[in-house]
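Protein sequence lines, in the order shown, are assigned to chains A and B.
Per UniProt numbering, the very first residue in the first sequence carries number 1; after that it's consecutive.
Per UniProt numbering, the very first residue in the second sequence carries number 1; after that it's consecutive.
There are 2 protein chains.
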Amino acid sequence: MVVKSELKLIKNLQQKKYRNEKGLFVMEGAKAVGELLESGFKAYKLFSTGEELSGSKISQVENISMKELKQLSSLKNPNGVLGVFYKRPSARVDIDGWIVALDGVQDPGNLGTIIRLCDWFGIKTLICSNDTVDCYNSKVLQATMGSIARVNIQYLDLTEFLKASKGPVFGTFMDGENIHTSKLPNKGVLVMGNEGNGISEIIGNLCDYKVGIPQFGEKSTESLNVATATAIFLNEIKRRS
Amino acid sequence: MVVKSELKLIKNLQQKKYRNEKGLFVMEGAKAVGELLESGFKAYKLFSTGEELSGSKISQVENISMKELKQLSSLKNPNGVLGVFYKRPSARVDIDGWIVALDGVQDPGNLGTIIRLCDWFGIKTLICSNDTVDCYNSKVLQATMGSIARVNIQYLDLTEFLKASKGPVFGTFMDGENIHTSKLPNKGVLVMGNEGNGISEIIGNLCDYKVGIPQFGEKSTESLNVATATAIFLNEIKRRS
Chain A
1 MVVKSELKLI KNLQQKKYRN EKGLFVMEGA KAVGELLESG FKAYKLFSTG
51 EELSGSKISQ VENISMKELK QLSSLKNPNG VLGVFYKRPS ARVDIDGWIV
101 ALDGVQDPGN LGTIIRLCDW FGIKTLICSN DTVDCYNSKV LQATMGSIAR
151 VNIQYLDLTE FLKASKGPVF GTFMDGENIH TSKLPNKGVL VMGNEGNGIS
201 EIIGNLCDYK VGIPQFGEKS TESLNVATAT AIFLNEIKRR S
Chain B
1 MVVKSELKLI KNLQQKKYRN EKGLFVMEGA KAVGELLESG FKAYKLFSTG
51 EELSGSKISQ VENISMKELK QLSSLKNPNG VLGVFYKRPS ARVDIDGWIV
101 ALDGVQDPGN LGTIIRLCDW FGIKTLICSN DTVDCYNSKV LQATMGSIAR
151 VNIQYLDLTE FLKASKGPVF GTFMDGENIH TSKLPNKGVL VMGNEGNGIS
201 EIIGNLCDYK VGIPQFGEKS TESLNVATAT AIFLNEIKRR S
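Next up, the structure:
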């Protein structure tokens, strides 16, 4: 059974304000919830309509009806499992190899795709400026396809972080040096900018190198989407490592 | 003034069935409508709240109020201009350089992003299997950011097309040969598959080469999103040309 206070908590957790206040977030789906559990995220509460949670030993699962799950879920078609989790605590960021830093990325689908890309390319740490969209937003979580369990995501003051950073900082710009022919070290920080405005001036001034993806089509073409650009930069970094 | 029959037509054009029947589609926004006009798309009807249509000589623009535009528009915040256009007629497909072919891509955002990528990388022709999402869908048009004006998109029977194709066919697969080290000719067909199922068996059998993007993270990671994978493949093709 779902008690009223739990229903209210889960509804409230759709808002960033409450997620920050409570230090909790909601993940839906047996596979994604199972992956969080396996990667060490601590569950606050788990609900299931009978769906098995793969690969994990859970004692505290509340069995609920589909009708109850529909009340809790933010999905049109909830799929059997909903978990409330503690957010990952802040950790010290070590630059071991390459990391990615985002300067004000706003679209949940873009952030989710970038997390999935970090996972694919073995990028362990993703730094988000404080004004980047919240990675515990349900649309971001859906787009990550479970990758959030395998990438360490930290929100912080990006200016302070880059000032203190020891690895070289590579900012991505429309008119940056051609990434195909740039020299790339075996560690560094790759900074991706906001969808509309790119990298802000203050962050741009902290970049040691400015790199870009050459354009082969007509000059009237818009810039690349930030998630597809991240895909190309990470591929360039990894193909040479 | 907007007459009733026009209002009905524009509402109906939100459905693929009517777009096919009438051979028309709707584009919104001054910039995007201007780009279509400049690239030779023929307008059936243009509406404006007074917004200027950049870089084009239009005689037949119907001036309407914002209230009327809101009735016509599928956007929450319509932005001044709405055009009804004739779809691009079917054309013969020449393989001059590389082209991209899609086998059942379903997500409008993915198709829009892929069109934008083709534009960026100078891919002139995009072939879509008949079961690929309609490129004149409003969500696709929005995601292309105007690139639809510069890429020749043709829907056809992909099996027949590939059978008749003279250029080598490169299919993209999770377990394909590493694209970083594959030999790539200076022309060919790059085939991208459906979001959930990848390339269908029948199309897979028509591929001369199977290529893939190497994974650097943990093996439990999901495949890459089809749009980000297309970004990486096109970058690989172009960086070596």
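Beta carbons are placed, not taken as given, at the ideal position from N, Cα and C, and that holds for glycine.
At least 7 Å separates the CB of Thr132 (chain A) from every CB of chain B. For Leu117 (chain B), the neighbours in chain A by C-beta distance under 8 Å run, in chain order, Leu224, Thr228. In chain order, Phe216, Gly217 make up the part of chain B whose C-beta sits under 7 Å from the C-beta of Gly122 (chain A).
Gly104 (chain A) has its alpha-carbon roughly 20 Å from the corresponding atom of Ala143 (chain B). Counted as a single uninterrupted DSSP element, the beta strand (DSSP E) harbouring Val189 (chain A) occupies residues 188–193. The closest CA to that of Met174 (chain A), considering only B:Trp120, B:Leu111, B:Gly146, is found on B:Trp120. The continuous beta strand (DSSP E) containing Val81 (chain A) extends over residues 81–86. Between Val84 (chain B) and Leu24 (chain B), the C-beta spacing is below 7 Å. Between Val211 (chain A) and Gly176 (chain A), the CB-CB gap stays under 7 Å. Between Val81 (chain B) and Val33 (chain B), the gap from beta carbon to beta carbon is short of 7 Å. In this structure, the beta-carbon distance from Ala101 (chain A) to Ala231 (chain B) does not fall below 7 Å. Looking at the DSSP output, Met145 (chain B) sits in no beta bridge, so it has no partner there. Using a CB distance cut-off of 7 Å, Arg150 (chain B) counts as an interface residue toward chain A.
Rounded to the nearest whole angstrom, the CA to CA distance from Glu28 (chain B) to Ser74 (chain B) is 9 Å. When secondary structure is reduced to three states using DSSP, Lys45 (chain A) falls in the strand class.
In this structure, Glu222 (chain A) and Gly146 (chain B) form a Cβ contact; the two beta carbons are roughly 6 Å apart against a cut-off of 8 Å. In the structure shown, Glu52 (chain A) adopts coil according to DSSP, grouped into three states.
By the Cβ rule, the segment 34–45 of chain A does not count as touching the segment 90–101 of chain A, because fewer than three pairs are nearer than 8 Å. Residues of the segment 18–42 of chain A with a Cβ closer than 7 Å to any Cβ of chain B: none. In the structure shown, the three-state DSSP call for Gln14 (chain B) is coil.
Put simply, the segment 186–205 of chain A touches the segment 152–172 of chain A. At least three CB pairs are less than 8 Å apart. Beyond the five residues adjoining it in sequence on each side, Asn79 (chain A) comes within less than 8 Å, by CB distance, of Glu28, Gly29, Ala30, Glu51 in the same chain, given in chain order.
Residues of the segment 157–190 of chain B with a C-beta less than 8 Å from any C-beta of chain A: His180, listed in chain order. When Cβ-Cβ separations below 7 Å define contact, Thr125 (chain A) makes no contact with chain B. C-alpha of Gly217 (chain A) to C-alpha of Lys42 (chain B): approximately 23 Å in a straight line. Here Thr228 (chain A) is buried, its C-beta having at least 16 other C-beta atoms within 10 Å. Around Ser147 (chain B), the beta-carbon contacts reaching into chain A at under 8 Å are Thr221, Glu222. For Ala231 (chain A), the C-beta contacts it makes with chain B under 7 Å involve Thr228, Ala231, Ile232, in order along the chain. Assigned with DSSP and collapsed to three states, Met174 (chain B) falls in strand. Using a C-beta cut-off of 8 Å, the segment 106–122 of chain B makes contact with the segment 131–141 of chain B, since at least three inter-stretch Cβ pairs fall below that distance.
A direct Cα-to-Cα measurement between Leu53 (chain B) and Ser165 (chain A) gives close to 47 Å. The beta carbon of Asn79 (chain A) does not come within 7 Å of any beta carbon belonging to chain B, so the residue lies off that interface.
The C-alpha of Ile127 (chain A) is placed about 8 Å away from the C-alpha of Leu158 (chain A).
Per DSSP, the continuous beta strand (DSSP E) segment holding Gly212 (chain B) begins and ends at 209–212. Boundaries of the beta strand (DSSP E) harbouring Cys128 (chain A): 125–129, taken from the DSSP string.
Minimum Cα-Cα distance from Leu117 (chain B) among the listed residues B:Val93, B:Ile148, B:Asp94, B:Asn178 corresponds to B:Ile148.
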